[in-house]
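S.K.: First, the structure itself, so that you have it in front of you.
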Amino acid sequence: DAGVTQSPTHLIKTRGQHVTLRCSPISGHKSVSWYQQVLGQGPQFIFQYYEKEERGRGNFPDRFSARQFPNYSSELNVNALLLGDSALYLCASSGTSNEQFFGPGTRLTVL
Amino acid sequence: EDQVTQSPEALRLQEGESSSLNCSYTVSGLRGLFWYRQDPGKGPEFLFTLYSAGEEKEKERLKATLTKKESFLHITAPKPEDSATYLCVLRRSNDYKLSFGAGTTVTVRA
């Protein structure tokens, strides 16, 4: 079975631009969560979606937004990029158990 | 506020030299404590879930244990392929997000 997939793998943007990151969950999983991981730190929670509804939001500015589609895939959007947004963005999916399973991540570099 | 503190930050081991990683936590109502392994530039890989004090889980050379305030990840006779960052993660009751520690980076030399 395919695990969580994310695209693109790497992305380079300049300050002020907008970016869209994509995630497909494990088949049968209805919940998707997004995390930001800055180098040398543990991941920080951004959003969780379940059945297309936002179920939780971390301490991130309104420049960050997300949505979930009827097929349970998800997009994370970041507007007005700052240098500090450079990070590994992780998507995780979960089913009926407590565990979350992570994708390989998207490495975003903001210049 | 939930807190997850891992120690040491880094651990260098000789192949076959067993050791333990520590995770101390404070949370109001624990739904579950998880251990993940993360290789550089990759997403975290799920290892274990622990739910209550006294619980233990094992997988190959790894064994995770849980008390009311700490969790330990024991690595027995490690091999170079066990080199990775090990993340301690908790989930609070009535919450959906995961709270991560900063991780312990383990390097095993042949």
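So the sequence lines, in the order shown, correspond to chains A and B. Heads up: take any position in the first sequence, counting from 1, add 899, and you land on the numbering used here. Heads up: take any position in the second sequence, counting from 1, add 4, and you land on the numbering used here. C-beta atoms are modelled at their ideal positions from N, C-alpha and C, and glycine is treated no differently. Keep in mind that this is a model prediction, so the values were computed, not measured.
1. Which value, in whole angstroms, describes the spacing of the CA atoms of Ala114/B and Gln18/B?
2. Tell me which residues share the same chain as Lys912/A and place their Cβ nearer than 8 Å to its Cβ, disregarding the 5 neighbours each side in the sequence.
3. For Arg95/B, count the other beta carbons within 10 Å of its own beta carbon; 16 or more makes it buried, fewer makes it exposed. Which is it?
4. Going along the chain, which residues of the segment 40 to 67 of chain B sit with their C-beta nearer than 8 Å to a C-beta in chain A?
5. Determine the extent of the beta strand (DSSP E) in which Asn26/B is found, giving its start and end residues.
6. Helix, strand or coil: which one does DSSP assign to Gly939/A?
7. Can you list, in chain order, the residues of the segment 978 to 1006 of chain A whose Cβ is nearer than 9 Å to any Cβ on chain C?
8. What residues match up with Val8/B in a beta bridge as DSSP calls it?
9. At least one CB of chain A closer than 8 Å to the CB of Gly33/B: is that the case?
10. Given that Cys102/B touches chain A, what residues does it touch there, using C-beta distances under 9 Å?
11. May I ask you to list, following chain order, the residues of the segment 950 to 971 of chain A that have a beta carbon less than 7 Å from some beta carbon of chain B?
12. Taking only runs that begin and end inside the segment 38 to 89 of chain B, name each unbroken beta strand (DSSP E) of 3 or more residues, in chain order.
13. Look at the alpha carbon of Gly941/A and the alpha carbon of Trp39/B, and state the distance between them as a whole number of angstroms.
14. Take His909/A and list the residues in its own chain whose beta-carbon comes closer than 6 Å to its own, dropping the five residues that flank it on each side.
15. Can you tell me which residues form a DSSP beta bridge with Asn976/A?
16. If distances are taken between C-alpha atoms only, which option among Gly58/B, Leu77/B, Lys72/B, Asp43/B comes closest to Phe52/B?
M.R.: According to the data block:
1. On the second sequence, position 110 is the one that residue 114/B refers to. On the second sequence, position 14 is the one that residue 18/B refers to. Their backbone Cα atoms lie some 6 Å apart in a straight line.
2. On the first sequence, residue 912/A is found 13 positions in, with the first residue counted as 1. Excluding residues within five positions, the ones whose Cβ falls inside 8 Å are Val918, Leu980, Leu1007, Thr1008, Val1009, Leu1010.
3. As a first step, residue 95/B must be located in the second sequence, where it is residue number 91. Buried, since its Cβ has 16 or more Cβ neighbours within 10 Å.
4. Tyr40, Gly45, Lys46, Gly47, Pro48, Glu49, Phe50, Thr53
5. Residue numbering aside, residue 26/B sits at position 22 when the second sequence is read from its first letter. Looking at the DSSP string, the run of the beta strand (DSSP E) that includes Asn26/B is 23 to 30.
6. By one-based count along the first sequence, residue 939/A stands at place 40. Residue state, collapsed to three classes: coil.
7. You won't find chain C in this structure, because its protein chains are A and B.
8. In the second sequence, residue 8/B corresponds to position 4, counting from 1. In the DSSP output, where bridge partners are listed per residue, Val8/B has Tyr29/B.
9. Locating residue 33/B in the second sequence gives position 29, counting from the first residue. It does not; no Cβ of chain A falls within 8 Å.
10. Stepping through the second sequence from its first residue, residue 102/B is reached at position 98. The displayed chain sequence assigns Leu, not Cys, to residue 102/B. In chain order: Ser932, Tyr934, Pro942, Phe944, Ala991, Gln999.
11. Arg954, Gly955, Gly957
12. 49 to 54, 60 to 63, 66 to 70, 74 to 79
13. The residue given as residue 941/A occupies position 42 in the first sequence. The residue given as residue 39/B occupies position 35 in the second sequence. Cα to Cα, Gly941/A sits roughly 12 Å from Trp39/B.
14. On the first sequence, residue 909/A is found 10 positions in, with the first residue counted as 1. Here the set comprises Arg1006.
15. Position 77 of the first sequence, counted from the first residue, corresponds to residue 976/A. In DSSP, Asn976/A forms a bridge with Thr919/A, Ser964/A.
16. Taking the second sequence and counting its residues from 1, one reaches residue 52/B at position 48. The shortest Cα separation from Phe52/B among Gly58/B, Leu77/B, Lys72/B, Asp43/B belongs to Leu77/B.
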